[in-house]
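A.B. asks:
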């Protein structure tokens, strides 16, 4: 049951961040809205367990880690000249 609660908390947090991005993108632009959403993850403080560890982290920290990993995976690799 605890896992189900954490899944719901995480899904709700991600949905809030998605709506925030959609609302800000029209005003700030996509890049600035994405940065604002990344910064807003610190506001999500509900504790959840991360990756089966016994320690708990705020849901915002877990979401931010996944967002950063996703962004880094989609970035083109730097050329050797840079």
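Numbering (the working numbering), first residue to last: 61 to 142. Beta carbons are placed, not taken as given, at the ideal position from N, Cα and C, and that holds for glycine.
Considering only residues of the same chain and omitting the five flanking positions on each side of residue 120, which have a CB-CB separation below 6 Å?
C.D. replies: To locate residue 120, count along the chain shown from 1; it is residue 60. Counting only Cβ-Cβ distances below 6 Å, and skipping sequence neighbours, we find 101, 102 and 104.
A.B. asks: Smallest Cα separation from residue 69: which of 93, 122, 95 and 80?
C.D. replies: Numbered from its first residue, the chain shown carries residue 69 at position 9. Closest option to residue 69, Cα to Cα, is 122.
A.B. asks: Could you say which of 92, 97, 137 and 115 lies nearest to residue 127 if we only look at CA atoms?
C.D. replies: Numbered from its first residue, the chain shown carries residue 127 at position 67. Out of 92, 97, 137 and 115, 97 has the C-alpha closest to the C-alpha of residue 127.
A.B. asks: On the three-state DSSP scale, how would you describe residue 109?
C.D. replies: Locating residue 109 in the chain shown gives position 49, counting from the first residue. Here residue 109 sits in strand by DSSP.
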